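Presented below is the structure to which this report refers.
In our numbering, the protein residues as written are 3 to 574.
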């Protein structure tokens, strides 16, 4: 579809009615923004309440907007303000908004600047790819000074002019033909761009993240996700004698967070492959630093500390998350905390200066991966009964690799001191295959219902950030997507059955809901222009997680395709 052409009419199902949306005349691609205000480090530290400046809004990746015009009393009056069709492909995008302009990433590395009040197009960037480039998901972008930054499916970092969309610089970071690419965008701070690669099963190298000079793209440092030369011997020993050259994967496929005072970058890592340890040759080793939260020195890339949430992973249980930073009181002491949640469905609270374990909480209704987690230290004892011992065996794993928390993001509201976390209660049967048959070593089999879920795969859990105690849950049949919380006492979340909802942040009561065009798999945001608050979210083509839940509950059928960004505001 060409976004430069005048748009045709399109229909959107909304609250049982059909609303005809006619796009306004659009500005020429490349049009200038005469009133552009650079995004400095001071601005990133203290964003304007109406802006949404980076992945999950600010350096803390909290998914919290302080806006309160839309609140518990009036949220029922939300109505569609405008909508914008998006590129075909997997719908997992998050826009950013600065000074009344929305910068919207699409699949296939299309980026557009839109008037955030009306959706009118200001400029467009469209990347040309080699024909053999595979998955083209682009989840998010970054803004810093006068530039927009993105990672590409052919493993480049690109800087665009925020005013015109013109390319300022681009730099090749890896070789996409070795199955390395970007699916998540970078973050920007202190003159640097930080970005993590997504490395597919079959990649020929350990995955890595890098820092670059924001002005030029020059490489400043590189850090692998896998222990190797220069790392402690005991960390290398967790690979059971497997040579460094044969240690693979450890993706960075979601974007991290940043503490500008500690000068630490927080990023989570994925699994190694082949997944089963009997095929990897690692024995009972923890295979560091996979499935971990890394705290990296922003100046050098050195690991200041790490915490592994899923050691000895045999079942593709990546620990990928938006690590949330918050300063909260825990056991009577004010702490700098980082919170993280992954596929296991365990929410972890750690001291973000030291990595000390503070508490953990199981959010799924059942898990059989761990035999025990020490409540004081967080030390993990694996459940040996499900560890594969030979090829050809099958194993029921709870949660499965699409259960717990997959690509969805959670949120933290400082007004309630609650974390809002989406998890999926489902299990999966894995069968161990030889690598000649499957590079991963796994056959991803039948999805099974989870014990204790009572036919409800989707859960939104509200948890005390101080104690880890569960405050409320909202449970339903369909899986739940990413979360936004606001100063208006609200939590917004969509689901894979195409409903978008607002809940009371204190109680979990549903206050408003609307069916959208398809599975709600975009990342919701809120922003304000000219004193008016908006809530935006993308819907359309579902993800693997959405499709798998259909195995459990076939009646949950949502239309796919026709990706659309939908923007809501209070009716007049």
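Ideal Cβ placement from N, Cα and C applies to all residues, glycine included.
Bear in mind the structure is a predicted one, so any value in this text is a computation, not a measurement.
Inset, instruction - Find out if the Cβ-Cβ distance for the pair residue 190, residue 151 is shorter than 8 Å. - result: yes
Inset, instruction - Flag this pair as yes or no: are the beta carbons of residue 519 and residue 484 separated by less than 8 Å? - result: no
Legend entry - residue 575 classed as buried or exposed, judged by whether at least 16 other C-beta atoms fall within 10 angstroms: In the structure displayed, the chain extends from 3 to 574; residue 575 sits before or after that span and is not available.
Inset, instruction - Name the two residues that bound the continuous alpha helix (DSSP H) containing residue 281. - result: 279-282
Legend entry - Stretch-stretch touch, CB-based, cutoff 8 Å, three pairs: the region 78-90 with the region 494-503: no
Legend entry - Beta-carbon separation (whole angstroms), residue 148 vs residue 49, contact threshold 8 Å: Contact doesn't hold; Cβ gap of about 17 Å is too wide.
Inset, instruction - Pick helix, strand or coil for residue 47, following the three-state DSSP scheme. - result: helix
Legend entry - Helix, strand or coil at residue 186 according to DSSP, with G and I counted as helix: coil
Inset, instruction - Could you name the residues of the same chain whose beta carbon sits closer than 7 Å to that of residue 30, not counting the 5 residues immediately before and after it, in chain order? - result: With a pLDDT of only 40 at residue 30, under 50, the local geometry of the prediction cannot be trusted, and the value read off the model is given with reservation. Here the set comprises nothing.
Legend entry - Simplified DSSP state of residue 204, which is helix, strand or coil: coil
Inset, instruction - Return the Cβ separation of residue 323 and residue 264 in integer angstroms, given the expectation that the two are a contact with Cβ distance under 8 Å. - result: In fact, because the Cβ distance is near 19 Å, the residues do not count as touching under 8 Å.
Inset, instruction - Tell me whether the beta-carbon of residue 357 lies closer than 8 Å to the beta-carbon of residue 297. - result: yes
Inset, instruction - Please state if the CB of residue 195 and the CB of residue 55 are separated by a distance shorter than 8 Å. - result: no
Inset, instruction - Go through its chain and collect everything with a Cβ distance to residue 252's Cβ below 8 Å, but skip five positions before and after it. - result: 201, 208, 209, 226, 227, 228, 271, 272, 273, 274, 291, 292
Legend entry - Best match in 425, 391, 418, 415 for proximity to residue 403 [C-alpha to C-alpha]: 425
Legend entry - Residue nearest to residue 375 in terms of C-alpha spacing, selected from 448, 198, 313: 313
Inset, instruction - Would you mind stating whether residue 216 and residue 193 have Cβ atoms separated by less than 8 Å? - result: yes
Inset, instruction - Would you mind sorting residue 278 into buried or exposed? The rule is 16 or more other CB atoms within 10 Å of its CB. - result: buried
Inset, instruction - Measure the alpha-carbon distance for residue 339 versus residue 394 and round it to whole angstroms. - result: 43 Å
Legend entry - Three-state secondary structure (DSSP) of residue 415: strand
Inset, instruction - State yes or no: is the C-beta of residue 553 within less than 8 Å of the C-beta of residue 448? - result: yes
Legend entry - Simplified DSSP assignment, three categories, for residue 230: coil
Legend entry - Residue environment, residue 234, which counts as buried when at least 16 other CB atoms sit within 10 Å: exposed
Inset, instruction - Can you tell me which of the three DSSP states residue 554 falls into? - result: helix
Legend entry - Presumed contact (8 Å Cβ cut-off) between residue 362 and residue 454, rounded CB distance: Contact flag wrong, Cβ pair sits at about 18 Å.
Inset, instruction - Could you please give the first and the last residue of the uninterrupted alpha helix (DSSP H) stretch that includes residue 238? - result: 235-238
Legend entry - Backbone secondary structure at residue 77 - three-state DSSP: helix
Inset, instruction - Indicate the three-state DSSP secondary structure (helix, strand or coil) for residue 410 in the structure shown. - result: coil
Legend entry - Same chain only: Cβ atoms within 7 Å of residue 481, ignoring 5 sequence neighbours per side: 426, 459, 460, 497, 498, 547, 548, 551
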